[in-house]
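With the working numbering applied, the sequence shown closes on residue 365, and no number is skipped along the way.
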Amino acid sequence: MSVAQRDPLVEYKRQSYSMWQGMMDEIKTQAAYQLLTVQVAPRPQLMRRPQPIQLNMNKPLINMQQMTTNAGASGASDSRQEPVRAQIKLGRNDPCWCGSGKKYKNCHLKEDQAKVK
């Protein structure tokens, strides 16, 4: 139902546009106020860096007696050690070592396995 022979949709749009303009004007006013009343704070004093610790490289940090007692205590828990590998183990999908550009499984895998057996 319309009041005063006006379309409600047109009146709604007109009112919302005037509210939008009022909000934009308020934002501009507040931004100008903030920019004009800002106060620059003085620069804080820079903190000095801590001096690095000087180590005497001629004197060991731990003597050998301490190392042997520490190793004896921890040696019981680490009785198994990893084996040392002389060569890098190639995965099946890694590039072949010969440089052909093929995958290792399609190039030299079978030959290398035959050499090991």
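The beta-carbon is built from N, C-alpha and C at its ideal position, and this holds for glycine as well.
Could you spell out the range, first to last residue, of the alpha helix (DSSP H) harbouring residue i?
i, result
"residue 270", "256-284"
Are the CB atoms of residue j and residue i within a distance shorter than 8 Å?
i, j, result
"residue 333", "residue 357", "no"
"residue 343", "residue 351", "yes"
Quick one: grab the DSSP three-state call for residue i.
i, result
"residue 358", "helix"
"residue 350", "coil"
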